[in-house]
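In numbering that gives the first Met the number 0, the protein residues as written are 0 to 73.
Notes follow once the structure below has been shown.
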Amino acid sequence: MKCVICKHGNTQPGYATVTLERGDTVLVIRDVPAQICSECGEYYLDTATSTHVMALGEAAVQRHAKVEVLRYVA
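Right under this line is the structure:
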């Protein structure tokens, strides 16, 4: 797909690092499957992956985590 951010690159399957912040919680999730722009590096998650990432973020907030780094596991 054509990147909607830079409008020049096409996306390719790859892995991204996603950082979520809410309140005092910072969550970094590595190796998240994504479509990544070949020009600017912007990433796009499919619906299932996005839902899983958001659930991981909510769980970190509920644990009152300050900073946490995870590796994505489907």
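Glycine included, each C-beta is placed from N, C-alpha and C at the ideal position.
What do you reckon, are the CB atoms on residue i and residue j nearer than 9 Å?
i: Gln-34; j: Gln-61; result: no
i: Thr-24; j: Ala-59; result: yes
i: Leu-26; j: Leu-55; result: yes
i: Ile-28; j: Tyr-71; result: yes
What is the C-beta distance between residue i and residue j, in whole angstroms, given that I count them as a contact (C-beta under 8 Å)?
i: Asn-9; j: Ser-37; result: 6 Å
Could you give the distance in angstroms between the alpha-carbon of residue i and the alpha-carbon of residue j?
i: Glu-67; j: Thr-16; result: 13 Å
i: His-63; j: Met-53; result: 15 Å
i: Glu-20; j: Lys-6; result: 27 Å
Grab me the residues of residue i's own chain with a C-beta within less than 7 Å of its C-beta, minus the 5 sequence neighbours each way, in chain order.
i: Lys-1; result: Asn-9
i: Gly-13; result: Ala-33 and Ile-35
Quick check on the DSSP output: the beta strand (DSSP E) that includes residue i runs from which residue to which?
i: Val-25; result: 24 to 36
i: Val-66; result: 66 to 70
Between residue i and the rest of its own chain, which residues show a CB-CB distance below 6 Å, the 5 nearest in sequence each way excluded?
i: Val-31; result: Ala-15, Val-17 and Tyr-71
Where does the unbroken alpha helix (DSSP H) through residue i begin, and where does it stop?
i: Leu-19; result: Looking at the DSSP string, Leu-19 is not in any alpha helix (DSSP H); the run it does join, the beta strand (DSSP E), is 10 to 21.
i: His-51; result: 46 to 61
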